[in-house]
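Residues -21 to -1, 1 to 406, numbered by mature numbering (1 follows the signal peptide of the UniProt record, and there is no 0), are exactly what the sequence shown covers, in order. For reference, the structure is listed below as structure tokens.
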Amino acid sequence: MKKTLTTLALGATLAAGPALAELTFPSLSYRTGPYAANGIPFADGYADYFAMLNERDGGIGGERINMIECETGYNTEKGVECYEATKGEGALVYQPLSTGITYQLIPRVSADGIPMHTLGYGRTSASNGEVFPWVFNYPATYWDGASVAIKYLLDENGGDLSGKKIALVYHNSAYGKEPIRTLTELSEEHGFELLELPVDHPGQEQKSQWLQIRRERPDNVIMWGWGVMNQVAIQEAVNIRYPMDQFIGIWWSGSENDVRPAGEGADGYKALNFHAVGSDFELYDDLEEYVWSKGNAAGAGDQHGTVLYNRGLYAAMIAAEGARKAQEIHGTSAITPAMMRDGLEQLEMTEESMAELGLAGFGPTFSASCENHGGSGRAAINQWNASEGKWEVLTDYIQSDQELIARLVQEDSMAYAEENNIELACQ
């Protein structure tokens, strides 16, 4: 069961009475605006996975799924409106797909007792479950991503980055600023110069940033972009003939929609990822049988197998498995948001469990605990092959610098706890 509503329509629906479905999963999506090219495939994958569970299994543990989609346009204010409009319908977990919305929702979900999962985005220090018991950001965080990118560049440069210049082209928002602290620490440790180049929303104007890159000739460029910003940045890099194999995007700057507009010029561009690409998984057979062949695919049905469609599947799978774990822990199929939190906190994704779900080899293994809500912190490097029109995996999953990340998470989260008089949860 799926509803797609604006916040106004949601208010009217909730006033009319609760939905019949037992397990409610809101989808704070954005199918419109400058970020739609990236928001659509994620939302499609998220919806299709839940639709498949309803058709194939009758839901989760005998309880059908009610997925409510609410359009945010990647706008923080609208995201908060969607949250307020849906939380009263028994929402089990929120996945806002926006760091800005995440920052606004952290105090709200904490006060309301509703878990939030920010899959590889959001506030990195929320990985400390002692301070943020209602927030989860596994399997990897932005600081993990920054660390993995530098580890990869170290490997590419014989273990030495001293004297190198690395530019960070970033979305001038809470999202884009997330890696700066980690990259600053790493620049001091490894002796490279960090050049920070912010790009204002929505990212269509980047001439000055790329002219500066042409002047300063950094050895590498790391991008923290989203939506139309990614496409523009890659085209600008092509225009100044910046070598694509020295240009690396975070996992939100590594979709097909980001590289295809630049054609052959994007060949060799690299991006991080924390899950597999393509459609060579058993799960896709079930999606075809129970969803697509019946004409029930979300959206236009043209995103299957893409990076962000797979990420939407991954996000829904984690939510579903968290719910399943909660049902197991509490011995009931009709779980509450507090029970869902317990399920997410005790979730463990092994190679065997992913294979059972039809996603063998799809992503790195990880587990959560009361203290660790951030997962294993591993990511791989992909590279775009323009002639074949697909991403190729260059590396195995690379482990981030866990000692550095743990220190930074502890410092930031404990400062937040002190500022907000938070009592630690894992005592």
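Every residue gets a Cβ at the ideal spot worked out from N, C-alpha and C, and that includes glycine. Quick caveat: nothing in here was measured; it's all calculated off a predicted structure.
Buried versus exposed call for residue i [16 or more other C-beta atoms within 10 Å across all chains shown]
i	result
residue 380	buried
residue 405	exposed
residue 305	buried
residue 170	exposed
residue 86	exposed
residue 400	exposed
residue 311	exposed
residue 182	buried
residue 392	buried
residue 50	buried
residue 64	buried
residue 220	exposed
residue 264	exposed
residue 222	exposed
residue -6	Only weak support is given to the placement of residue -6: the predicted model assigns it a pLDDT of 35, under 50, and the value that follows is read from those uncertain coordinates. Exposed: under 16 other Cβ atoms inside 10 Å.
Rounded separation between residue i and residue j - CA only
i	j	result
residue 279	residue 290	17 Å
residue 239	residue 184	19 Å
residue 129	residue 30	39 Å
residue 173	residue 145	5 Å
residue 193	residue 244	17 Å
residue 415	residue 14	Coverage of the chain is limited to positions -21 through 406, which leaves residue 415 absent and any answer about it impossible.
residue 139	residue 299	43 Å
residue 224	residue 136	13 Å
residue 131	residue 273	44 Å
residue 68	residue 266	27 Å
residue 44	residue 217	45 Å
residue 55	residue 162	26 Å
residue 398	residue 104	14 Å
residue 197	residue 215	15 Å
residue -1	residue 190	Low confidence applies to residue -1: its pLDDT is 43, below 50, so where it sits in the model is not reliable enough to give any reading.
residue 303	residue 177	42 Å
residue 147	residue 201	5 Å
residue 366	residue 107	43 Å
residue 10	residue 387	35 Å
residue 259	residue 288	14 Å
residue 84	residue 109	18 Å
Range of the contiguous alpha helix (DSSP H) that encloses residue i
i	result
residue 29	15 to 36
residue 58	55 to 65
residue 289	286 to 309
residue 393	381 to 398
residue 145	No alpha helix (DSSP H) contains residue 145, which is instead part of the beta strand (DSSP E) from 144 to 150.
residue 333	330 to 335
residue 84	78 to 91
residue 162	159 to 169
Cβ neighbours of residue i in the same chain (closer than 7 Å, five flanking residues each side left out)
i	result
residue 12	52, 53
residue 82	102, 153
residue 329	344
residue 269	31, 34, 35
residue 384	122, 123, 126, 356
Proximal residues to residue i (C-beta, below 6 Å), its chain only, five neighbours per side dropped
i	result
residue 362	249, 371, 373
residue 16	236
residue 155	149, 203
residue 80	55, 58
residue 229	124, 203, 251
residue 255	341
residue 94	72, 113, 319, 320, 323
Endpoints, beta strand (DSSP E) assigned at residue i
i	result
residue 242	Segment: none, residue 242 is in no beta strand (DSSP E) and carries neither H nor E.
residue 362	357 to 364
residue 202	199 to 203
residue 371	369 to 372
residue 173	172 to 178
residue 249	249 to 252
residue 45	44 to 50
Presumed contact (8 Å Cβ cut-off) between residue i and residue j, rounded CB distance
i	j	result
residue 28	residue 319	17 Å between Cβ atoms; not a contact.
residue 121	residue 158	5 Å
residue 317	residue 92	6 Å
Short CB-CB distance (under 9 Å) between residue i and chain B
i	result
residue 150	As a matter of chain content, chain B is missing from the structure shown, which is built from one protein chain.
Cβ neighbours of residue i in the same chain (closer than 8 Å, five flanking residues each side left out)
i	result
residue 364	246, 370, 371
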